[in-house]
Amino acid sequence: AKGKVANRTSEILDLIPWNSWRYVPTKESPADISSRGVSPKDLPDCRLWWEGLPYLSSPEDDWPKQPVLKDSDQHVLKGRKKPTFVFSVFLKNDIIGALIEKYSSYTKLIYVLPFCIRFINNCKVGKANEHFTGKTRPLTSTKRILADNLIVSYVQNVSLNEDISCIKENKQLSKNSTLLSLCPFIDQDGLLRVGGRLQNAPLHYNAKHPAILPNEHKLSNSIVQYCHILNLHAGGNVLMGILRHTYWIINVKKLIRNVFIIVSYAVDLKVTCPNKNWENSLKID
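Numbering follows the numbering used here, in which position 273 of the sequence shown is assigned residue number 277; successive positions increment by one, without gaps.
Have a look at this one:
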């Protein structure tokens, strides 16, 4: 309702110039009668409501004089500013958390998040640049990689917050930490990765230092299911090797077993020959 009123008011202000408007004090405004309320008994005798301001029927020269604007009010005469539309949005972390809870599909999650980030950025650009048209290009692979990094970083900060704090403060990890044997470090993008001595290995950076993910988080389960289906229902050891080219999920074997149970249509790789009795043997020439 407020949006419709704002649109009508904006249209009226565009059609009628500013110097045609007159100031009406609150006590003399007919609109205040309905907004402040009036009893049905008094309404029939309310001439202000039925007839409007009494001096409107008189010549314009007899109307009350308008208040004179001060020097500090002269900016009002320079023109009306364009209205600014403000969108109520979540914080970036709240958006990621809400999307993870909403979507169990890793593919859909990676597809939706870049559009959410683009929408927020477009709102900021549109506010700063009045010539912004809002036209955008299709999503690139770089945007999806950025979305994946944001999701992984969010999950790490939620589930591995204590370990990350120790690393940032150059403190030793707790003796009970599950990351103690992984020599973890934080890269330039803020991701927690596995350390080690593979810096000179002829491997991709993600394979040498995979991002660490907790076993119990929903995202880890979605990633395992995604890789399992993408690789044609690969077996446990094969799937674990594929996952560790990008992610190091803590206690991943247990998670893989759970995924095999959840995915009801997982194929059995053991193929058996059909048992058929042949009626007659082939004849010898």
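Note that CB positions come from ideal geometry on N, CA and C, so glycine has one too. For clarity, every value in this text was computed on a predicted model and none was experimentally measured.
Subject >> Cβ neighbour criterion (16 or more within 10 Å) applied to residue 221 >> reply: Counted from its first residue, the sequence shown places residue 221 at position 217. Under this definition residue 221 is a buried residue.
Subject >> Residues sharing a beta bridge with residue 236, DSSP >> reply: The sequence position of residue 236 within the sequence shown is 232, counting from 1. The partner list for residue 236 (beta bridge, DSSP) is empty, contrary to what the question assumes.
Original post:
Taking the beta strand (DSSP E) that residue 253 falls in, what are its first and last residues?
Top reply: As a working mapping, residue 253 is identified with position 249 in the sequence shown. Unbroken beta strand (DSSP E) run through residue 253: 251–253.
Original post:
Is there contact here, the segment 205–215 with the segment 239–246, by at least three beta-carbon pairs under 8 Å?
Top reply: The segment 205–215, when compared against the segment 239–246, does not touch it at the 8 Å Cβ threshold.
Original post:
So residue 154 is in the alpha helix (DSSP H); what residue range does that whole segment cover?
Top reply: As a first step, residue 154 is located in the sequence shown; it is residue number 150 there, counting from the start. Residue 154 -> alpha helix (DSSP H) spans 145–163.
**OP:** Select from 258, 68, 31 and 150 the residue whose C-alpha is nearest the C-alpha of residue 100.
**Re:** To locate residue 100, count along the sequence shown from 1; it is residue 96. Closest by C-alpha distance to residue 100, out of 258, 68, 31 and 150, is 150.
Original post:
For residue 215, does the three-state DSSP call read helix, strand or coil?
Top reply: Within the sequence shown, numbered from 1, the residue matching residue 215 stands at position 211. Strand at residue 215.
Original post:
Would DSSP call residue 92 helix, strand or coil?
Top reply: Mapped onto the sequence shown, residue 92 falls at position 88. Residue confidence is low: residue 92 scores 42 on pLDDT, short of 50, so the model does not pin down where it sits. No coordinate-derived value is stated.
Original post:
Taking the alpha helix (DSSP H) that residue 55 falls in, what are its first and last residues?
Top reply: For the purposes of this step, residue 55 is taken as the residue at position 51 of the sequence shown. Where residue 55 is concerned, the enclosing alpha helix (DSSP H) stretches over 51–55.
Original post:
How would you call residue 110, buried or exposed, if buried means at least 16 neighbouring beta carbons within 10 angstroms?
Top reply: Numbered from 1 along the sequence shown, position 106 holds the residue referred to as residue 110. With 16 or more Cβ atoms within 10 Å of its Cβ, residue 110 is classed as buried.
**OP:** State yes or no: is the C-beta of residue 157 within less than 7 Å of the C-beta of residue 186?
**Re:** Residue mapping note: residue 157 aligns to position 153 of the sequence shown, counting from 1. Residue mapping note: residue 186 aligns to position 182 of the sequence shown, counting from 1. No, Cβ-Cβ distance for residue 157 and residue 186 is not below 7 Å.
Subject >> Distance between beta carbons of residue 219 and residue 258, contact taken as under 8 Å >> reply: In the sequence shown, residue 258 corresponds to position 254, counting from 1. In the sequence shown, residue 219 corresponds to position 215, counting from 1. Their Cβ separation, rounded to whole angstroms, is 7 Å, which keeps residue 258 and residue 219 in contact under 8 Å.
Original post:
If we ignore side chains and look at the alpha-carbon of each, how far apart do residue 176 and residue 155 end up?
Top reply: If you number the sequence shown from 1, residue 176 lands on position 172. If you number the sequence shown from 1, residue 155 lands on position 151. Rounded to whole angstroms, residue 176 and residue 155 show a C-alpha spacing of 26 Å.
Original post:
So who's on the other strand from residue 197, going by DSSP bridges?
Top reply: Here residue 197 is taken as the residue at index 193 of the sequence shown, counted from 1. Note: residue 197 sits in a beta bridge opposite 189 and 215.
**OP:** Find the nearest neighbour of residue 142 within the set 167, 42, 115 and 66, judged by alpha-carbon distance.
**Re:** If you number the sequence shown from 1, residue 142 lands on position 138. The shortest Cα separation from residue 142 among 167, 42, 115 and 66 belongs to 115.
**OP:** Pull up the distance between the alpha-carbon of residue 144 and that of residue 180, whole angstroms please.
**Re:** Numbered from 1 along the sequence shown, position 140 holds the residue referred to as residue 144. Numbered from 1 along the sequence shown, position 176 holds the residue referred to as residue 180. Taking the Cα positions, residue 144 is about 41 Å away from residue 180.
Original post:
Between residue 118 and the rest of its own chain, which residues show a CB-CB distance below 7 Å, the 5 nearest in sequence each way excluded?
Top reply: The sequence position of residue 118 within the sequence shown is 114, counting from 1. Listed in chain order, the non-local C-beta contacts of residue 118 below 7 Å within the same chain comprise 143, 147, 148 and 151, local neighbours out to five positions each way being set aside.
**OP:** In the DSSP assignment, find the alpha helix (DSSP H) that holds residue 35 and state where it starts and stops.
**Re:** Stepping through the sequence shown from its first residue, residue 35 is reached at position 31. Unbroken alpha helix (DSSP H) run through residue 35: 35–40.
**OP:** Measuring alpha carbon to alpha carbon, tell me which of 253, 199 and 112 ends up nearest residue 160.
**Re:** Along the sequence shown, read from residue 1 onward, the residue named residue 160 stands at position 156. Ranking 253, 199 and 112 by Cα distance to residue 160 puts 253 first.
**OP:** Going by CA-CA distance only, name the one from 198, 191 and 193 that's closest to residue 182.
**Re:** The residue you call residue 182 lines up with position 178 of the sequence shown. The shortest Cα separation from residue 182 among 198, 191 and 193 belongs to 198.
**OP:** Establish whether the CB of residue 144 and some CB of chain C are separated by less than 7 Å.
**Re:** The question asks about chain C, but that chain is absent: this structure has only one protein chain.
Original post:
What is the DSSP secondary structure of residue 175, counted as helix, strand or coil?
Top reply: Taking the first residue of the sequence shown as position 1, residue 175 is located at position 171. Coil, per DSSP.
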